[in-house]
Structure formats: structure tokens, C-alpha cells
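In the numbering used here, the protein residues as written are 37 to 256. The beta carbon of each residue, even a glycine, is placed where N, CA and C say it ideally should be. Model, not experiment: these values are computed from the prediction.
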């Protein structure tokens, strides 16, 4: 009985040991797997650290270069923006001046046209205020009469001038005839010369021509 119990206890103990051995083996295998994973993780972390250190140095240099380039671009854009604003302000000021000049000129033209219209209207009012249609017709008739008188006067003056020219020609002919020698110039009768002079002279010439003819006759 004691031996059987001991054997059964031993079997139980062996089975328990086997179970524990399996558990230990599985634990060892799991520990190995965990150790392998830890080793891989360490290697990965080392590689990542080395890469990060290398990348940090290169990335920092590149980042500084990029920042400097972007800073220069920003400064250039700010300067260009400032110049554009200044040019836009100058353009706006010029446009304001041009528009002010245009407004002044246009208002001056409008005032000039209005003043001309007012002056014309006032002139018409002043001219038409004290003049009636009967006075217009009287002025027109007086002007027409004055023109007719002027034309008659001009015609009379032309006639007098023509007559004076004829008298002058006659006197020149008489004087030329008396001044030539008797052998070369045919004798002209005194009565005939007097008749020609009387026919050609104007009766209203105050007798000057008749006196000249009589004097020439006496000298002959």
C-alpha cells in the first residue's frame, strides 16, 4: 500500500514535473523570441538613431539654406510690393490731377458757353427792346434811299470827270495847234475853234475855258 502510494505520488510528481518542463520550455522559447525581438528592436533603434543623426545634420543645413532663400524671396517680394504701392499712389495722384484739370477746363467751357448764350440773349433783348417793325422798315428804306443817292452822286462825278478830260484834251489840241509854225501847221479859223470849244466845254465851268479860247484867239 505504501509502495503503491509512493509510486502513484511519484507518477503524479513526474507528470507535474513534465508539465512544468513543458511550461518551462514554452517559457524559454517565448523568452528567446522576446530576446530576439528585443535584439531586433535595439538594432532598429540604433539604425534609426544613426539615420536621424545623419539626417538631422543634412536636414538642418538644407533647412537653413531653404530658410535663407525663402527669406530673400520674401524681402524681394516686400520690396516689389512697396514699389508697386508707390507707383500706384503716384498714378492715382496723377489721375486726380488730370481729372481736376479736366473738371476745371470743362467747367470753364461750360461757363464760357453759358456766358456767351447769356450775352447773346441780353444783346438780342437790348437790341430788340426799343425797336419796332416800323422802325426796321424805316431804317431799311432810309438805307435804300441813301444807296440810290450815293449811286447818283457817283454817276454825276463820273460824268463830270469825263467832261473835264474832254475839255483838257481840247485845250491841249488848241495849245498844240497855236504853238506850231504856220508853214507846217494848217491854218485853223478862229470861229471854228471857238465853236468846237463851246461845243465840248461844260457851260458850268465858270467861263475859264472860254477865257482861255479868247486869249488864244487874240494871240493868233
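Assign residue i to buried or exposed, taking buried as 16 or more other Cβ atoms, counted over all protein chains shown, within 10 Å of its Cβ.
i           : result
residue 206 : buried
residue 210 : buried
I want to check one thing, is the minimum distance from the CB of residue i to the heavy atoms of the ligand ATP below 7 Å?
i          : result
residue 68 : Inclusion of the ligand ATP in the displayed structure is not the case, the ligand content being empty and no account of it being possible.
Please specify which runs of the alpha helix (DSSP H), each continuous and at least 4 residues long, are wholly inside the region 73–137, giving them in chain order.
Residue ranges of uninterrupted alpha helix (DSSP H) with 4 or more members are absent from the region 73–137; none lies entirely inside it.
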